[in-house]
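Protein chains in written order, with the working numbering: chain A, 58 to 473; chain B, 58 to 473; chain C, 58 to 473.
Glycine is no exception: its CB is placed at the ideal position from the N, C-alpha and C atoms.
Report on the following structure.
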Amino acid sequence: MDNQFTTEIANNLFTINNLWMMIATALVFLMHLGFATLETGLVQSKNTINILFKNSIIPAIGLVTHAIIGFSLMYPAESYLGGIIGFSGFGIGTDAAGVTDSYNIGYTYWTDFLFQGMFAATAATIVSGAVAERIKLSSFLIFSTFFVAIIYPITGMWKWGGGFLDNLGFYDFAGSTLVHSVGGWGALTGVIFLGPRIGKYMKGRIYPIPGHNIPLAVIGVFLLWLGWFGFNGGSVLSADPGLVSLVLVTTSLAASAGAIGAMVTSWSYLKKPDLTMTLNGILAGLVGITAGADLMSPLSSIIIGLIAGVIVVFAVIIFDRIKIDDPVGAISVHLICGIFGTLAVGIFGEKAGLEQLFHQAVGILTIGAFVVSSTSVMWFVIKKTVGIRVSQEEEYIGLDIGEHAMEAYPYFEKVS
Amino acid sequence: MDNQFTTEIANNLFTINNLWMMIATALVFLMHLGFATLETGLVQSKNTINILFKNSIIPAIGLVTHAIIGFSLMYPAESYLGGIIGFSGFGIGTDAAGVTDSYNIGYTYWTDFLFQGMFAATAATIVSGAVAERIKLSSFLIFSTFFVAIIYPITGMWKWGGGFLDNLGFYDFAGSTLVHSVGGWGALTGVIFLGPRIGKYMKGRIYPIPGHNIPLAVIGVFLLWLGWFGFNGGSVLSADPGLVSLVLVTTSLAASAGAIGAMVTSWSYLKKPDLTMTLNGILAGLVGITAGADLMSPLSSIIIGLIAGVIVVFAVIIFDRIKIDDPVGAISVHLICGIFGTLAVGIFGEKAGLEQLFHQAVGILTIGAFVVSSTSVMWFVIKKTVGIRVSQEEEYIGLDIGEHAMEAYPYFEKVS
Amino acid sequence: MDNQFTTEIANNLFTINNLWMMIATALVFLMHLGFATLETGLVQSKNTINILFKNSIIPAIGLVTHAIIGFSLMYPAESYLGGIIGFSGFGIGTDAAGVTDSYNIGYTYWTDFLFQGMFAATAATIVSGAVAERIKLSSFLIFSTFFVAIIYPITGMWKWGGGFLDNLGFYDFAGSTLVHSVGGWGALTGVIFLGPRIGKYMKGRIYPIPGHNIPLAVIGVFLLWLGWFGFNGGSVLSADPGLVSLVLVTTSLAASAGAIGAMVTSWSYLKKPDLTMTLNGILAGLVGITAGADLMSPLSSIIIGLIAGVIVVFAVIIFDRIKIDDPVGAISVHLICGIFGTLAVGIFGEKAGLEQLFHQAVGILTIGAFVVSSTSVMWFVIKKTVGIRVSQEEEYIGLDIGEHAMEAYPYFEKVS
């Protein structure tokens with residue numbers, strides 16, 4: 058009887074843990090709608106269908122390729138070359154143990170796959186916004202497919218799959234580097250290969266190209282914040298009450314402080330309380346806390362959020378000055394604040410210390426080097442074969458008509 | 058002491074199961090917002106208030122009528138006439154056992170009622186989009202009230218309430234037939250009784266009438282996908298880790314494959330990557346997997362999704378050719394893919410086999426026959442009494458002004 | 058061994074309870090997006106950025122101030138002056154016990170803080186809509202900061218923090234008074250100090266100023282309904298299957314009945330099925346059930362919802378007649394229906410009775426008196442120092458340009 062109690066109690070705990078992980082999966086899924094609405098809101102109305110199309114198909118491509126190859130690359134049974142690469146074969150499938158706590162006490166094999174698949178797809182979605190309004194749809198789809206299926210899981214394995222960065226002591230709780238900076242580097246190389254939108258930088262001046270539907274952007278940011286409950290909270294990998302609830306608190310306080318930091322910065326520096334900057338501040342705080350959300354006190358998470366909120370405002374301004382044209386600020390949010398958040402693990406909280414800071418820098422640099430070089434090769438090959446950018450004429454009339462022969466708002470008069 | 062442990066362990070499991078079912082209920086509730094935004098995005102701007110009104114009031118009518126009569130018709134204590142009809146009396150109410158696992162190990166009586174009520178209302182919401190832009194509001198409300206309160210629970214009882222189809226071996230895990238095809242048949246008869254919108258088919262040509270706000274449609278599809286986590290995942294009727302997580306995987310892979318199938322089909326056949334078709338592909342995959350989401354391997358669910366994604370594109374095209382005017386593609390998605398998904402149980406997965414395929418066909422046909430005949434009577438009676446269609450003039454100026462004396466976007470210039 | 062089982066079983070239950078409370082927290086967070094989209098949809102397009110800004114920054118300010126002072130004011134270790142005020146010191150922090158069931162069997166300290174912080178911020182969001190389209194941003198932010206950090210937690214303590222109203226027998230399950238009427242009183246005094254929008258009341262006539270994007274308003278109402286699953290369901294403070302599921306049923310039936318009540322009332326009285334009124338009916342039902350959601354039968358909750366749905370229509374009409382200009386109907390929904398819902402505890406359900414009705418009236422009046430007087434002082438001081446209202450010119454051109462130098466929809470032609 059005792060033995061039966063032990064089993065039943067463990068089964069109950071497994072069921073609770075798995076339930077939370079499934080809900081976290083659903084929340085990370087919702088981030089795709091968050092990215093879709095955020096990015097759509099921040100582009101011009103004539104490119105609405107195009108960005109919606111990209112962000113609608115990415116989760117689909119992400120999940121299917123994760124089932125075929127990504128999950129196997131990221132969590133291989135064993136890895137080679139000192140933890141640089143591993144592969145467990147194509148496809149997914151489970152034996153009976155996969156749905157018990159002998160697979161993992163926190164989740165079933167199926168939950169694991171789906172949670173990780175939702176994560177993988179977010180990396181590609183980050184790129185989508187930065188390259189918006191001038192990239193060819195087919196080129197973007199080719200890039201994204203390889204990016205989500207191959208590049209993201211390889212670098213992910215380095216830490217979360219037990220690879221060499223994990224052995225070195227690099228820490229990245231929920232992916233400031235593994236997800237956000239990976240997406241951010243891919244976005245940066247994409248923007249460099251593409252060049253800026255026509256009319257953005259002319260005769261030494263910067264011409265703002267405002268977003269077309271700001272309520273959509275706000276919807277996106279709120280959904281992303283909500284999704285981060287699953288993104289960070291699910292990265293506990295169980296429903297542990299103390300740890301998950303701490304993570305939700307640090308995550309939400311960092312988001313809040315990021316909003317306040319960006320509001321105050323933009324109000325002081327730009328003389329206006331800038332909504333887009335404040336929204337980016339929320340995201341900056343979220344990305345900034347992600348690497349160490351389980352390590353920080355409330356106070357530290359507020360400080361991290363505030364700094365991230367300040368950083369993102371200046372990052373957006375500086376990227377514009379150096380003519381890196383990122384319509385939605387994705388590189389500032391995900392790359393710059395991803396780097397900051399990763400370093401913050403060595404500066405604040407339980408693991409703070411010079412040695413840890415060094416480990417963090419190593420992780421940032423090796424992953425950065427790999428993603429920059431591999432995506433540059435990809436963008437180069439794509440540019441030389443199918444081409445990377447729509448024609449100048451198509452850019453003028455918009456990608457909605459050019460790529461999709463469809464309008465997002467056909468009954469409304471546009472400003473000519 | 059042992060006995061106390063047994064009880065407490067069982068209570069904990071009951072609490073976990075019920076928690077998941079309540080969350081699944083919330084997710085199915087969110088599908089109503091998904092339908093509202095999807096259908097709104099796909100109609101003309103002048104009919105926005107009208108469709109929002111319908112989709113806002115349907116859940117309300119659905120829940121109240123489910124409390125008064127629907128729940129009792131669908132899950133009667135016993136049924137008569139060989140399992141064709143049953144009724145446990147008007148109203149809901151519970152004794153003390155209803156909140157313990159002696160009612161059901163997966164949920165309380167209250168959770169059961171609310172989960173089922175949310176399901177019931179979705180059937181009516183499916184009809185809403187197909188008959189949009191020309192149906193009289195009062196007629197639609199009369200139809201929907203009877204549809205959700207009487208017709209849906211009667212056919213639902215045939216399988217889920219232990220009726221004759223359940224005894225015959227018909228299988229429908231989460232409602233490809235019981236929910237989606239039921240809604241789809243109601244939509245089909247409605248469209249036939251109503252006729253097409255003015256200007257849709259003229260002189261042998263088909264004139265496309267595009268949707269007015271495509272970001273809304275994308276929001277809708279994502280919310281529906283999310284809601285399906287509860288729709289299919291909740292249909293496990295407990296938080297069983299292995300089964301629920303498998304269902305979420307098959308559901309998401311089918312949705313993903315549906316998107317890819319519809320994208321490729323529309324890109325090849327229509328020469329453009331069609332966003333609306335791709336969105337319908339997601340829904341097609343979701344409807345297609347619903348009948349057998351608990352029976353399929355990841356590979357089978359991808360195949361089912363792909364096929365559904367191809368089917369839905371051609372279904373939309375064919376319905377247009379035969380002048381069945383369905384502004385949102387609801388009949389293609391819910392009826393055609395609902396039928397396909399139900400048959401797929403006999404073709405793929407654990408229950409595949411000719412005998413099962415026959416059972417599936419019997420279920421499809423009997424339910425189809427009942428819904429077509431009963432809704433035809435309803436539409437006929439409504440047409441002959443209050444009338445079914447708004448005046449030609451009202452259709453031109455739009456139902457927002459005609460039915461509600463209100464505009465959805467009063468500050469924006471419309472294309473004249 | 059027995060002792061170990063006891064502990065593990067209790068730990069499992071604690072984990073389940075805490076999981077539900079974290080999910081409820083996420084749902085209440087989502088209400089902020091609900092308020093943001095609802096209020097945005099109901100204002101003019103030229104004030105879109107401004108209201109989005111306010112509703113985006115309020116949760117941030119709410120959470121940070123709740124961490125600094127609010128949580129400590131609301132749930133002090135002990136209170137003074139007969140339960141009128143208490144304070145446990147600045148900042149939050151926990152010892153090891155805070156993450157075990159020795160803190161509370163339903164949740165950790167972190168979960169408690171975050172759940173309560175999300176609640177606190179909703180009170181300020183209620184004000185936001187009522188004072189929209191003419192309040193200075195800086196003034197609103199000053200008000201909101203004090204309102205959410207000081208006023209809300211003080212009155213909240215009176216009941217939920219064990220203060221004098223709790224001792225008196227006042228009952229308010231989830232905050233018809235403590236949240237909704239508090240927000241509503243703050244909104245009412247704000248509107249009185251501000252005065253109506255220019256052009257709203259002229260020469261004895263009322264000029265309707267319609268909302269600019271009604272789909273956004275519908276999204277808001279659905280998200281609020283969904284969020285209420287966490288607002289009321291989380292107020293059980295555990296995952297108790299019977300009680301939480303009952304609360305979800307009463308909440309949803311009241312919302313549904315509120316919609317029907319408002320639809321029928323507006324259709325009969327205004328001769329048109331008014332969408333905005335019907336949406337307000339949903340919210341009215343939700344606010345109305347909130348004080349007694351755990352005490353009501355399904356039938357009682359339907360009756361409460363119906364009454365609230367009728368009340369809200371006439372409240373909106375009457376406030377307009379007496380020139381209380383509330384662009385979104387917040388005072389009617391949150392104050393009037395909050396009062397009604399609080400009184401309903403003494404009229405319907407388990408606690409019905411004259412004595413309880415008296416307790417309810419005492420709670421309403423003391424809280425109303427405190428909030429009206431304290432917010433009046435605040436509004437007065439703000440008016441005399443930084444000023445409360447934008448210039449007439451800014452009101453004409455809109456607060457988006459005036460306060461933020463930004464447009465929400467720059468590519469769309471506006472009606473001039």
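DSSP state of Gly284(B) mapped onto helix, strand, coil
Three-state DSSP puts Gly284(B) in a helix.
The alpha helix (DSSP H) enclosing Gly366(A), as first and last residue numbers
Its alpha helix (DSSP H) spans residues 355 to 378.
Where are the alpha helix (DSSP H) runs, 4 residues long or more, that stay fully inside the region 375 to 452 of chain B, in chain order?
If only uninterrupted alpha helix (DSSP H) runs of at least 4 residues are considered, those enclosed by the region 375 to 452 of chain B are 394 to 404, 411 to 441.
Report the three-state DSSP secondary structure of Gly163(B) (helix, strand or coil).
Here Gly163(B) sits in coil by DSSP.
Within the 9 Å Cβ cut-off, does Ile80(A) reach chain C?
Chain C, which has a Cβ nearer than 9 Å to the Cβ of Ile80(A), makes this yes.
In the DSSP assignment, the alpha helix (DSSP H) including Val306(A) goes from what residue to what residue?
Looking at the DSSP string, the run of the alpha helix (DSSP H) that includes Val306(A) is 298 to 326.
When you compare the CB positions of Val184(A) and Phe197(A), do they come within less than 9 Å of one another, or not?
Taking a C-beta distance under 9 Å as the contact criterion, Val184(A) and Phe197(A) qualify as a contact pair.
As assigned by DSSP and simplified to three states, the class of Ser136(B)
Reduced to three states, the DSSP call for Ser136(B) is strand.
Taking 6 Å as the limit between beta carbons, can you name the residues of its chain near Leu294(C), skipping five residues before and five after?
Excluding positions up to five away in sequence, the list reads Gly163.
Use the C-beta contact count for Asp297(C): other C-beta atoms within 10 angstroms, 16 or more gives buried, fewer gives exposed.
With 16 or more other Cβ atoms within 10 Å, it is buried.
List the residues of chain B that Trp77(C) touches, going by C-beta distances under 7 Å, in chain order.
Trp77(C) reaches chain B at Leu76, counting residues in chain order whose Cβ is nearer than 7 Å.
Between Gly444(C) and Glu451(C), which are expected to be in contact by the criterion C-beta below 8 Å, what is the C-beta distance as a whole number of angstroms?
Contact between Gly444(C) and Glu451(C) is ruled out by a C-beta separation of about 12 Å, above the 8 Å threshold.
Leaving out five residues before and five after Trp324(A) in sequence, what residues of the same chain have Cβ atoms less than 6 Å from its Cβ?
Excluding positions up to five away in sequence, the list reads Pro330.
Check this for me: beta carbons of Met88(A) and Gly287(A), under 9 Å apart or not?
The Cβ atoms of Met88(A) and Gly287(A) sit closer than 9 Å to each other.
If I measure Cβ to Cβ from Gly98(B) and keep anything under 8 Å in the same chain, skipping five residues before and after, which residues do I get?
Gly268, His269, Asn270, Ile271, Pro272, Leu273, Ala274, Val275, Ile276, Gly277.
Give a yes or no on whether 9 Å exceeds the smallest Cβ distance from Asp351(C) to chain B.
Closer than 9 Å: no.
Since Thr105(B) is in the alpha helix (DSSP H), which residue starts that stretch and which ends it?
Judged by DSSP secondary structure, Thr105(B) falls within the alpha helix (DSSP H) whose first and last residues are 105 to 122.
Closer than 8 Å at the beta carbon, the chain B residues around His461(A)
Near His461(A) (Cβ distances below 8 Å), the residues of chain B are Lys329, Pro330, Asp331, Leu332.
By alpha-carbon positions, which one of Asn69(C), Tyr166(C), Leu356(C) ends up nearest to Thr151(B)?
Measuring from the Cα of Thr151(B), the nearest candidate turns out to be Leu356(C).
From Val85(C) to Met79(B), what does the alpha carbon distance come to, in whole angstroms?
So the alpha carbons of these two residues sit roughly 16 Å apart.
Contacting residues, own chain, Cβ-Cβ under 6 Å from Tyr468(C) (five flanking each side not counted)
Closer than 6 Å at Cβ, skipping near neighbours: no residue.
Give the C-beta separation of Thr335(A) and Ser201(C) to the nearest angstrom, bearing in mind that I take them to be a contact with Cβ-Cβ under 8 Å.
With 8 Å as the limit, Thr335(A) and Ser201(C) do not qualify as a contact, their Cβ atoms being about 15 Å apart.
Could you give the C-beta distance for Ala93(A) and Asp383(A), rounded to a whole number, given that I count them as a contact under 8 Å?
With a Cβ gap of about 17 Å, Ala93(A) and Asp383(A) do not count as contacting.
Per DSSP, what kind of secondary structure is Phe49(B) in: helix, strand or coil?
Look at the range of chain B in this structure, 58 to 473, and you will see that residue 49(B) is not part of it.
In or out: Asn74(C) buried (at least 16 other Cβ within 10 Å) or exposed?
Here Asn74(C) is buried. Its C-beta has 16 or more other C-beta atoms within 10 Å.
From what residue to what residue does the alpha helix (DSSP H) around Gly338(A) run?
Counting along the chain, Gly338(A) sits inside the alpha helix (DSSP H) bounded by residues 332 to 347.
Just to confirm, are Val390(C) and Leu327(C) a CB contact at a threshold of 9 Å?
Taking 9 Å as the cut-off, the Cβ atoms of Val390(C) and Leu327(C) do not count as close.
For the alpha helix (DSSP H) containing Asn69(C), list its first residue and its last residue.
Per DSSP, Asn69(C) belongs to the alpha helix (DSSP H) from 59 to 99.
Does Val275(B) come within less than 9 Å of chain A when only Cβ atoms are used?
Yes, because at least one Cβ of chain A sits closer than 9 Å to the Cβ of Val275(B).
Which chain A residues are close to Leu70(B), counting only those with a beta carbon under 9 Å from its beta carbon?
Taking a Cβ-Cβ threshold of 9 Å, the residues of chain A close to Leu70(B) are Glu65, Asn68, Asn69, Thr72, in chain order.
Restricting to runs no shorter than 3 residues, where is the beta strand (DSSP E) found entirely within the region 183 to 216 of chain B?
Counting only runs of 3 or more, we get nothing.
According to DSSP, which residues form a beta bridge with Gly291(A)?
When beta bridges are read from the DSSP output, Gly291(A) appears opposite no residue.
Would you mind telling me which residues of chain B sit closer than 8 Å to Phe92(A), beta carbon to beta carbon, in chain order?
What Phe92(A) touches in chain B: nothing, since even the nearest Cβ is about 10 Å away.
Just checking: is the beta-carbon of Leu109(A) within a distance shorter than 9 Å of some beta-carbon in chain B?
Closer than 9 Å: yes.
Measure from the C-beta of Val278(B) to each C-beta in chain A and report whether the shortest distance is under 9 Å.
Interface residue (Cβ-Cβ distance to chain A less than 9 Å): Val278(B) is classified as such.
For Gly143(B), the residue or residues it bridges with in DSSP:
Note: Gly143(B) sits in a beta bridge opposite Ser136(B).
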